[in-house]
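Enquirer: Chains as they are written, first to last, in full-length UniProt numbering: chain A, 1 to 408; chain B, 1 to 408.
I have a structure here, written as structure tokens, and I will follow up with some questions on it.
Protein chains: 2
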Amino acid sequence: MTAQRRGLGTNQEAVRRHNLGTMLRHVHGAGQVSRAQLTALMGLNRSTIADLVLELVSLGVVEQTVPTAARSGAGRPSAGVRLAEVGPYVIAVDLGVDRAVVARVALGGEVVERATAPIPSGGGEAWQVGSTVAGLIRRVVEGAPAAAPLLGVGISVPGLVRRSDGLVRLAPNLEWQDVSFGSIVLAALGVDVPVQLANDADLGALAEHRRGAGVGIDDLIYISGNVGVGAGVITGGVRLEGAGGYAGEVGHLPFAPEGRLCHCGNVGCWETEVGAHAIAEAIGCPESEVVTLGDVLDAYAGPPSALRATGTALGHGLAAIVNAFNPRLVVLGGYLSSLYALVRREVDDALAERALPAPLESVTLALPGLGSDSVLLGAAEIALEPLFADPVAALGTALVDVGGRLAG
Amino acid sequence: MTAQRRGLGTNQEAVRRHNLGTMLRHVHGAGQVSRAQLTALMGLNRSTIADLVLELVSLGVVEQTVPTAARSGAGRPSAGVRLAEVGPYVIAVDLGVDRAVVARVALGGEVVERATAPIPSGGGEAWQVGSTVAGLIRRVVEGAPAAAPLLGVGISVPGLVRRSDGLVRLAPNLEWQDVSFGSIVLAALGVDVPVQLANDADLGALAEHRRGAGVGIDDLIYISGNVGVGAGVITGGVRLEGAGGYAGEVGHLPFAPEGRLCHCGNVGCWETEVGAHAIAEAIGCPESEVVTLGDVLDAYAGPPSALRATGTALGHGLAAIVNAFNPRLVVLGGYLSSLYALVRREVDDALAERALPAPLESVTLALPGLGSDSVLLGAAEIALEPLFADPVAALGTALVDVGGRLAG
């Protein structure tokens, strides 16, 4: 039902597409929603809701669950809407320091297929990593129904990503500087789909806010422990981006002026105390296992005392973050969730010791609600975003038969 | 022209009041605006703009400058709108550590009348300070035209203010904890007007964003140097508040673990290196003059070397702020603007040494565009805010003949 056929003006059509996207966002969030709920959530009348549902059905993204003709004596049961069986999907890429995880994620946030491959220690050349990622993408799309449209690719990067164009300005643990990794992946794939890149902690925050421990909490911070340490900040329900998209680099807050040299060139950044290398040193973990520190910590059977100072440093740094941002919730992601399980008391005590009473009283520390998938699911969310902004446009440019195209 | 008389629905009336407020905000910002500019700025048609102007005229807040009947051969000159000669005003209070400044500020942001009084060192009892402030308010409203409506009072506090109700949770240099200062001032005044309280740095940021060095810049930080050090953060054009309204307490970022004891109970907070007491110690300024450190620094004729370490500490702390928030502009307020003039090179070098290259490349340090009035004018802005949200409601509850009432 295009604007021309309905004779709608440009503005009305824009409002309609916005409403379609909003409805789809609700179905994406809940999996299944009744029309009555949609009416209440969206503040639109029943006939407008019914029209929007019909259009989403015709776009192939939702299905109706109860025929609208069904009636009972006590009033009409509200028809339901659920995600289509063969609906649109995205590719989510979580680029770690030692491995890439790639997933096919359906609308609704379910990981349908997943593939992982190691990447060379220190990142390796960007084109080689791009080629590895492209190979993983081929694997996860192979089994996708030919009719299911691919909307785009979302990529998480452990580093600073320029908001305007997704350029990777700096990914220290991959040893990358100014790399247009999105174009590299597209070149290796040989197809043209929308690609979005973002910082790993920002994506962890996004996913935890939408689907994890932070649902309904508008001031939250996700701290990523991924060799280095960074923060994704959501404030007033909105991502704190800063002027260029780089906000949240809390790993480089000053911490120990007489401490270790940081890769950024300074001495004693917080990351030099709570980063993976420092923790590995504290527990005598070999350098080769630093990149899998979360697993090492999960299996740790050494003396708890070896980690006490690290726990205290984590809590003191969190106090600085609480003072600066006044979050309601701080989610400890990556290996920091494993660390927190081991030294919870030290972290809590050190936080309470250093944070100002007013911001301290309303903050909670939490483990990720999405486990180790926060960042991956955040990458899926940014790839889905154009669908919620304008489903008609996003589906119009989506690719079908992706398996066939990529195999060919 | 009320909703009833025009037969408008509640929604339409709300939209109309919103538009009236938006128009008034434009006139407040620019002082004088043409109808053609208003048409362009607000995206409304000429007849709607003309209606809104007429309603603002009938509310007594603006005047028209060119009769709409005036015509010339080459098209009709656009009539102008300017602020009314006898328009609404607010009271702004800048509560410092040693003195209170109170101003009568007209719509448009002009300080019409100003009065200052010392307050006891260490703040004194809150009721005594409230009584001092009420006395200053009486002085500044004395000369106000009887017909001019008082909209409300905005108060800046050097401390943590709870967003929900304006409670002063902690004002360390006033030695206040959990003080409802707004009610205290009203009690001393004996009249009921709306009172808004906020943190000094947040108000500095607001005023510099709207009318000072940060006009048009949506990611800016104002650092207040007011015995202690705090930040007001605007990100994406919106104030970063945090869960309770306490965000921006950067004075308590960890900085020198082996350093001085901070009044917050910790050791080596950034404030212990760049706060007024530390600077006074560095230049041998007597403790009694710490509260007027800006003036002391403006007159400083001692060796520049005495301040070099302070300049470096300021730059290093600013680097942490730049890494955490990625601002486009950092405004150095209070005595920090005097300090910056003396040790600019040390500050700039230390910032460049410690900030990550990506956020560093787009940040600028600046002095306040509003001089020493940023915080005072920010207090006026929050008192004006209800007028821009709904001029009809705000003017409906405003007080007239305030001088007479307060004298009586």
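Ideal Cβ placement from N, Cα and C applies to all residues, glycine included.
Distance check for Leu-336/B and Ile-207/A, CA to CA, integer angstroms please.
Expert: Residue identity check: residue 207/A is Ala in the sequence provided, not Ile. Spanning the two alpha carbons is a distance of roughly 40 Å.
Enquirer: Can you say whether Ser-288/A is buried or exposed, counting buried as having 16 or more other CB atoms within 10 angstroms of its CB?
Expert: Exposed, by the Cβ-count rule.
Enquirer: Cβ closer than 7 Å: which chain B residues qualify as neighbours of Asp-219/A?
Expert: The contacting residues are Gly-242 and Ala-243.
Enquirer: Figure out for me which residue from His-277/A, Ile-217/A, Gly-182/A and Gln-196/A has the closest Cα to the Cα of Val-229/A.
Expert: The candidate whose alpha carbon is nearest that of Val-229/A is His-277/A.
Enquirer: Does the segment 297 to 314 of chain B come close enough to the segment 245 to 253 of chain B that 3 or more CB-CB pairs lie under 8 Å?
Expert: No, because fewer than three Cβ pairs between the segment 245 to 253 of chain B and the segment 297 to 314 of chain B fall closer than 8 Å, the two stretches do not touch.
Enquirer: Along the beta strand (DSSP E) that carries Ile-223/A, what are the first and last residues, could you check?
Expert: Note, Ile-223/A: beta strand (DSSP E), 220 to 226.
Enquirer: Suppose you measure from the CA of Arg-17/A to the CA of Gly-43/B; what does that come to, to the nearest Å?
Expert: So the alpha carbons of these two residues sit roughly 21 Å apart.
Enquirer: Comparing the CB of Cys-264/A with every heavy atom of the ligand SAM, is any distance shorter than 7 Å?
Expert: No copy of the ligand SAM occurs in the structure displayed, which carries no ligand at all.
Enquirer: DSSP has Glu-113/A in a bridge; who is on the other side?
Expert: Paired residues: Arg-104/A.
Enquirer: Identify, in the order they occur along the chain, each residue of the same chain with its Cβ nearer than 8 Å to the Cβ of residue 416/B, setting aside the five sequence neighbours on each side.
Expert: Not covered by the structure: residue 416/B. The range shown for chain B is 1 to 408.
Enquirer: Would you tell me roughly how many angstroms separate the C-alpha atoms of Arg-114/B and Gln-196/A, rounded to the nearest one?
Expert: Computed Cα separation, rounded: 53 Å.
Enquirer: Strictly below 9 Å CB to CB, what residues from chain B border Val-238/A?
Expert: Ordered by position in chain B, the residues that pass the 9 Å Cβ test against Val-238/A are Thr-235, Gly-236 and Val-238.
Enquirer: Would a check of beta-carbon distances place Val-215/A closer than 8 Å to chain B?
Expert: No, Val-215/A does not count as interfacial toward chain B.
Enquirer: Can you name the residues of chain B whose CB is closer than 9 Å to the CB of Leu-59/A?
Expert: Residues of chain B passing the Cβ test: none, with the nearest at roughly 30 Å.
Enquirer: From the DSSP output, in three-state form, read off Arg-82/A for me.
Expert: In this structure, Arg-82/A counts as strand in the three-state DSSP scheme.
Enquirer: What are the residues that DSSP puts in a beta bridge with Gly-161/A?
Expert: The displayed chain sequence assigns Val, not Gly, to residue 161/A. According to DSSP, Val-161/A bridges with Val-168/A.
Enquirer: Which residues of the segment 167 to 188 of chain B have a Cβ closer than 7 Å to any Cβ of chain A? Give them in chain order.
Expert: Result list: Arg-169 and Leu-170.
Enquirer: Pick out whichever of Gly-29/B, Leu-360/B, Arg-99/B and Asp-401/B has its Cα sitting closest to the Cα of Val-227/B.
Expert: The shortest Cα separation from Val-227/B among Gly-29/B, Leu-360/B, Arg-99/B and Asp-401/B belongs to Arg-99/B.
Enquirer: Against chain A, with Cβ distances strictly below 8 Å, would Val-246/B count as a contact?
Expert: In the sequence under discussion, the amino acid at residue 246/B is Tyr, which differs from the Val named in the question. At least one chain A Cβ lies under 8 Å of Tyr-246/B.
Enquirer: Return no unless some Cβ of chain A is closer than 8 Å to the Cβ of Ala-324/B.
Expert: Output row for Ala-324/B: interface = yes.
Enquirer: If we cut at 8 Å on Cβ distances, does Phe-388/B have a partner in chain A?
Expert: False, the Cβ-Cβ gap to chain A never drops below 8 Å.
Enquirer: Which whole-angstrom value is the C-beta distance of Leu-20/B and Glu-55/B, which I expect to be below 8 Å?
Expert: Sure, about 6 Å apart at Cβ, within 8 Å.
Enquirer: At the 8 Å Cβ level, is Leu-356/B part of the contact set with chain A, yes or no?
Expert: Chain A contact via Cβ: present.
Enquirer: Thr-132/A: buried (16+ other C-beta within 10 angstroms of its C-beta) or exposed?
Expert: Under this definition Thr-132/A is a buried residue.
Enquirer: List, in order along the chain, the chain A residues whose C-beta lies closer than 7 Å to that of Val-250/B?
Expert: Near Val-250/B (Cβ distances below 7 Å), the residues of chain A are Ala-324.
Enquirer: Check distances from the C-beta atoms of the segment 260 to 273 of chain B to those of chain A and list, in chain order, the residues that come in under 7 Å.
Expert: Of all residues in the segment 260 to 273 of chain B, Cys-264 and Asn-266 have a Cβ within less than 7 Å of some Cβ in chain A.
Enquirer: Which residue from Ala-247/B, Val-233/B, Val-215/B and Asp-218/B puts its Cα closest to that of Leu-220/A?
Expert: Ranking the options by Cα distance to Leu-220/A, first place goes to Ala-247/B.
Enquirer: Just reading off the beta strand (DSSP E) that Ser-34/A is part of, what are its end residues?
Expert: Looking at the DSSP string, the run of the beta strand (DSSP E) that includes Ser-34/A is 32 to 34.
Enquirer: Specify the secondary structure class of Pro-304/A as computed by DSSP and reduced to three states.
Expert: Three-state result, Pro-304/A: helix.
Enquirer: Report the rounded CA-to-CA distance for Ser-164/A versus Ala-301/A, giving the unit in angstroms.
Expert: C-alpha separation (whole angstroms): 46 Å.
Enquirer: Does the distance from the C-beta atom of Ser-224/B to that of Gly-378/B stay below 8 Å?
Expert: It is not a contact, given that the beta carbons lie outside the stated cut-off.
Enquirer: Taking 6 Å as the limit between beta carbons, can you name the residues of its chain near Ile-217/B, skipping five residues before and five after?
Expert: Result list for Ile-217/B: Arg-328 and Leu-329, in chain order.
Enquirer: Which residues bound the alpha helix (DSSP H) around Trp-127/A?
Expert: Note, Trp-127/A: alpha helix (DSSP H), 126 to 142.
Enquirer: Return yes when the Cβ of Ala-201/B is within less than 8 Å of the Cβ of Tyr-222/B, no when it is not.
Expert: Yes, the Cβ-Cβ distance between Tyr-222/B and Ala-201/B is below 8 Å.
Enquirer: How would you call Gly-232/B, buried or exposed, if buried means at least 16 neighbouring beta carbons within 10 angstroms?
Expert: So Gly-232/B counts as buried.
Enquirer: Given a cut-off of 8 Å, decide if Arg-211/A and Gly-371/A are closer than it, judged by their beta-carbon atoms.
Expert: Not a contact, by the Cβ cut-off of 8 Å.
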